[in-house]
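Protein chains: 2
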Amino acid sequence: MADLFKALADGTRRIIMDELAQRDSQTLFEICGRLAMNHGLAMSRQAVSQHLAVLEEAGLVVSRREGRYKFHHLDTGPLRAIAQRWPQSTTED
Amino acid sequence: MADLFKALADGTRRIIMDELAQRDSQTLFEICGRLAMNHGLAMSRQAVSQHLAVLEEAGLVVSRREGRYKFHHLDTGPLRAIAQRWPQSTTED
DNA sequence: TTGACAGGCAAGTGAATACTTGCCTATTCT
DNA sequence: AGAATAGGCAAGTATTCACTTGCCTGTCAA
Numbered sequence: 007m008a009d010l011f012k013a014l015a016d017g018t019r020r021i022i023m024d025e026l027a028q029r030d031s032q033t034l035f036e037i038c039g040r041l042a043m044n045h046g047l048a049m050s051r052q053a054v055s056q057h058l059a060v061l062e063e064a065g066l067v068v069s070r071r072e073g074r075y076k077f078h079h080l081d082t083g084p085l086r087a088i089a090q091r092w093p094q095s096t097t098e099d
Numbered sequence: 007m008a009d010l011f012k013a014l015a016d017g018t019r020r021i022i023m024d025e026l027a028q029r030d031s032q033t034l035f036e037i038c039g040r041l042a043m044n045h046g047l048a049m050s051r052q053a054v055s056q057h058l059a060v061l062e063e064a065g066l067v068v069s070r071r072e073g074r075y076k077f078h079h080l081d082t083g084p085l086r087a088i089a090q091r092w093p094q095s096t097t098e099d
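Right under this line is the structure:
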């Protein structure tokens, strides 16, 4: 559970999740390109790779290997645990 | 939006939210006591106070002052934005 | 088989942050 | 008034974390 929130804490990782939500199964290089292109984030490949590792450890990203490519896809499943942990207040609309 | 995730990133703050979900409108001292009692967290009053400030800035905790007491109560509203940002995958169950 | 491409490992650096300590303000009770 | 209670401010420390740099492994094409 701690891994989940730690993964979500970083803004770059949330943008990576946005990109994967918009276009599934991207490689590391594709994600790097989109971060630079769509968000002006000029980061090293390693930085993005480390972010993906954190997301994967949290279960928010699943990857599959194909030859020299590694495709990443978003899994929003773990997010549901958040709403479940703190149920909606009765005083809220 | 960044404040929300940053607030959720810390384990102690999540426990504070748990305590407020279980029993609403607690003072700083009450929360301190419950952290020590229920979770073995012997933290300084300042530490808890700072955590509450972070939660309040994220909109997850709302406080009202009454004399020398300050009561805190949980607002789970902001949490809903999380599920909305990354819609549920079609491939998930 | 040699070179290009996709990705991984590991150490180092600088900034963010959780927590403490010490002192101060405001409210209530005797 | 004076003491006790509830909380706030600010500086210092130590750990965590994001990012870089340099080098290494594995896959594919010419």
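Those protein sequences? They're chains A and P, same order as listed.
Those letters in the first sequence? Residues 7 to 99, by the numbering used here.
Those letters in the second sequence? Residues 7 to 99, by the numbering used here.
Ideal Cβ positions, reconstructed from N, Cα and C, are used throughout, including at glycine.
These numbers were taken from a predicted model, which means no experiment stands behind them.
Quiz prompt | Option in Trp92/P, Pro93/P, Ala87/P and Arg91/P with minimal Cα separation from Gln94/A | solution = The residue labelled residue 94/A in the question sits at position 88 within the first sequence. Residue Ala87/P is the option with its Cα nearest to Gln94/A.
Quiz item: Can you name, in chain order, every residue of its own chain whose Cβ lies under 8 Å from the Cβ of Leu64/A, other than the five neighbours on each side?
Solution: The residue labelled residue 64/A in the question sits at position 58 within the first sequence. According to the sequence shown, residue 64/A is Ala rather than Leu. So the list reads Asp9, Leu10, Lys12, Ala13, Leu14 and Pro84, once near-sequence residues are dropped.
Practice problem: Would you decide whether Glu43/A is buried or exposed? Buried here means 16 or more other CB atoms lie within 10 Å of its CB. | Solution: Working through the first sequence from its first residue, we reach residue 43/A at position 37. In the sequence under discussion, the amino acid at residue 43/A is Met, which differs from the Glu named in the question. So Met43/A ends up on the exposed side.
Exercise. Grab me the residues of Glu25/P's own chain with a C-beta within less than 8 Å of its C-beta, minus the 5 sequence neighbours each way, in chain order.
Key: Position 19 of the second sequence, counting from 1, holds the residue named residue 25/P. Gln32, Ile37, Arg40, Leu41 and Asn44, listed in sequence order.
Quiz item: How about Leu34/A and Ser50/A: are their beta carbons less than 7 Å apart?
Solution: What you label residue 34/A is simply residue 28 of the first sequence in a count that begins at 1. What you label residue 50/A is simply residue 44 of the first sequence in a count that begins at 1. It is not a contact, given that the beta carbons lie outside the stated cut-off.
Exercise. Buried or exposed for Met7/P, please, with buried defined as at least 16 other CB atoms from any protein chain shown within 10 angstroms of its CB.
Key: Along the second sequence, read from residue 1 onward, the residue named residue 7/P stands at position 1. Met7/P should be labelled exposed.
Quiz item: Does Gly17/P have its Cβ less than 7 Å from a Cβ in chain A?
Solution: Numbered from its first residue, the second sequence carries residue 17/P at position 11. So yes, Gly17/P belongs to the interface.
Quiz item: What residues match up with Glu63/A in a beta bridge as DSSP calls it?
Solution: In the first sequence, the residue the question calls residue 63/A occupies position 57. Partner(s): none; Glu63/A has no beta bridge.
Quiz item: Looking at the structure shown, is Asp47/P part of a helix, part of a strand, or coil, going by DSSP?
Solution: One-based indexing of the second sequence puts residue 47/P at position 41. With the sequence shown as reference, residue 47/P is identified as Leu, and Asp is not the correct amino acid for it. It is coil, neither helix nor strand.
Self-check item: Own chain residues within Cβ distance below 6 Å of Thr82/P, not counting five before or after
Solution: As a working note, residue 82/P is residue 76 in the second sequence. Closer than 6 Å at Cβ, skipping near neighbours: no residue.
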